Each structure stands twice: as structure tokens, then as C-alpha cells.
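Below is one structure, written out as C-alpha cells; comments come after it.
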Amino acid sequence: MYSWIWRHLPGNGWVRALISLVLIVAVVYVLFQYVFPWAEPLLPFNDVTVDNQ
Amino acid sequence: MRSSVKGRGNVAATADDTAQHSDPPASSPTRRRRRMGPVAMVVSFFGELLITAGLVLGLFVVYSLWWTNVVADRAADKQADKVRDAWAQESDEGGSSGGPASYDSKNGVGFLHVPAMTGDEILVEKGTSMKVLNDGVAGYYTDPVKATLPTSGEKGNFSLAAHRDGHGAKFHGIHKIEKGDPIVFETKDTWYVYKTYAILPETSKYNVDVLGKIPKESGRKKAGHYITLTTCTPVYTSKYRYIVWGELARTEKVDQDRTPPAELR
């Protein structure tokens, strides 16, 4: 999967490394901004109140 | 197939040239590695998926324990500044009327100071929904048992909740509170000084009785001015709830310089 992506990136090694870095940053951004905030309430790690439900 | 035939042909044609001789065998293994068999391809893809899943889970831990704190502290600071500004404005105008700059409880009702737990002040807002608490504040209960605000002057229980980890982790150090430690709630013009008198280190998350007007589990039988802090325990999980009860010891008027009461100095 990753070698496939690497082979399909344009440019020489340095350009590919740079593009990879940008892609990684983009993925982390999407995870932190959208995916994790969505997933967090579904996981039982952060309920702090007492409740009768 | 074709490449190996060609390679053999090369070797035969230029048997004296060592460079040419070593070339085809060197390039053909890399070719063979790229053109993996279907089984190897599936296994390698699956392996990479597992590595990716591991990295994502690791990132989730970073997100939960670090990034949410950054975001929450930023939000809490902003809202705390707003409350402080509103108070300052009100007392500037309020000398004569005190009316017009009406106090908006949406922004927070006051600050909690628990020196045994944290040196920081904790903004208190209405409600205990995730939306409120995720801003790095403590929330007073509106559901399932409504909290009695100390400002109302009535006897009852001022019940609060805040995060133990992540999202500001305002009650992270709740286990450091001991009996007798002060819990001070600061409003615009009064310091409410509570004294911790009971701690329940582990209880069911369904135990709503701890929020009662008279929290019987704490040992009190008569109505009084109580404060209840609730959060999750053990650390990093939400299996049980940790409860700290305090009782109002005294109140103190806020002076011109907002000099904190003796317990906070």
C-alpha cells in the first residue's frame, strides 16, 4: 500500500519525501480535527458524571 | 519469464563483459519483489493496515491526553477572561444601579479554587454535558439532580463535575484532596469557603444519591450548604466515580482588590 503510493508520487526522492510529509500532516490534521472528536464520545473513557441512564 | 530468457541471452552474448553480466541478475530480483504473488500482496497489505491502525490508536492517545487539554485550556481561558471582564465592568457601573450589565450565566457563574488539587482556578458553568465540560470547565448539575447554587442562599447541594483526563483535566488531582482541605467558590462579590468532610473514592456511575440535597452517604443527616465534586476514576478510565463532599464553613465578602481568603493564601 505505502510502496504503491511512493511509486505513484511524482518527482525525485526529495520531492516524494516532501509530498509524503505533507500527506502525513494532512492525515493527522483530519484525524485530530474531525475523526477523533467524532469517535471520542462513542468510547467509554471520558464520562465523568453520575447518571441514572 | 521473458526477462529471464532475455537475461540468459545477454549473458551468452557478452560473456566477457562483467558489468553487463552482473546487471540483469541485480535488476531482476527487484522486479520480482515488486511483482509479488497475490498471497504475498494481500499479506503485505494487511500488515500495513495493522501498522496504520496501531499508529492511529497511538495518535488517539496523544489526542486524548494532550491535544484536548490544549484546546480546552484555550477555551477555558477565553471564557474566564470574559467572566472577569464582565465582573469588572459590572462593578464599575454597578456602584449606582448594578442593573443594566445583566449577568449572563451562560458564560459561567464563578471560579472554583481547590489548592489541594490544583493551583489553577476552575471556571464553573451551567450543565454537565460533554459540550460544556469539554471546554475545560467544571459544570454544575442540572440533571438528574439539580444543583443548588450557593448564590441562591438556600440550603442544598452544589454538585459539580469535571474531566479527570483530557479536555483540561480540571479534576485530575481530585485524589489529593483530604478531609479538612478547603474548597473555595468565588463569585463576583462573595468567597464561599467549603471544608472537605467526606470522600468516596469509588462508587457506581449510577449512584445519583451522592448529588442529593442532603448527601446521606457522606454521613450528613440535616439540610445544609454542601458542595459535591464528581469525576471519573480510576485515572484514564470511566469505570467508577470519585466523590468529594464539602460543607460551607463561612463566606467572605470580596473586597476592592479581590484579596483571596486566608485558605488560598
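So the protein sequences, as listed, match chains A and X. Counting in the numbering used here, the first sequence runs from 1 upward without gaps. Counting in the numbering used here, the second sequence runs from 1 upward without gaps. Just so it is clear, CB atoms sit at the ideal spot from N, CA and C, and this is done for glycine as well. Quick caveat, the model's predicted, so the values are computed rather than measured.
Under the three-state DSSP convention, the category residue i falls into
i       : result
K131(X) : helix
I51(X)  : helix
A40(X)  : helix
E178(X) : coil
Q256(X) : coil
G58(X)  : helix
V35(A)  : helix
N207(X) : coil
L112(X) : strand
Limits of the unbroken alpha helix (DSSP H) element including residue i
i      : result
V28(A) : G13 to V30
Residue range of the beta strand (DSSP E) that includes residue i
i       : result
P201(X) : T190 to T203
W245(X) : Y240 to K253
Y226(X) : H225 to T233
I5(A)   : It is not in any beta strand (DSSP E) - I5(A) instead sits in the alpha helix (DSSP H) that spans Y2 to H8.
E154(X) : Careful: E154(X) lies outside any beta strand (DSSP E) and carries neither H nor E.
Candidates the options, of which the one nearest residue i by Cα
i       : options                               : result
I199(X) : V193(X), E186(X), V184(X) and K179(X) : K179(X)
D143(X) : Y197(X), G153(X) and S129(X)          : S129(X)
I19(A)  : Y34(A), P44(A) and L9(A)              : L9(A)
R241(X) : P261(X), D257(X), E263(X) and K205(X) : K205(X)
G173(X) : P260(X), V70(X) and P234(X)           : P234(X)
Y2(A)   : P115(X), D255(X), A88(X) and L49(X)   : L49(X)
M117(X) : V132(X), T148(X) and T231(X)          : T231(X)
Residue i to residue j span [Cα, whole Å]
i       : j       : result
R35(X)  : W6(A)   : 15 Å
S152(X) : I24(A)  : 53 Å
W159(X) : P44(A)  : Strictly speaking, residue 159(X) in this sequence is Ser, with Trp absent from that position. Those two C-alpha atoms are separated by around 22 Å.
T68(X)  : F171(X) : 15 Å
M41(X)  : G54(X)  : 20 Å
R74(X)  : I214(X) : 36 Å
A80(X)  : H175(X) : 25 Å
Y236(X) : N46(A)  : 8 Å
P150(X) : D257(X) : 22 Å
Discussion item. Check whether the segment 117–132 of chain X and the segment 27–34 of chain A touch, using three or more Cβ-Cβ pairs below 8 Å as the test.
Written reply: no
Worksheet entry | Three or more C-beta pairs below 8 Å linking the segment 161–171 of chain X and the segment 53–66 of chain X | yes
Worksheet item: Do the segment 187–198 of chain X and the segment 237–251 of chain X touch if we need at least three Cβ pairs shorter than 8 Å?
Response: yes
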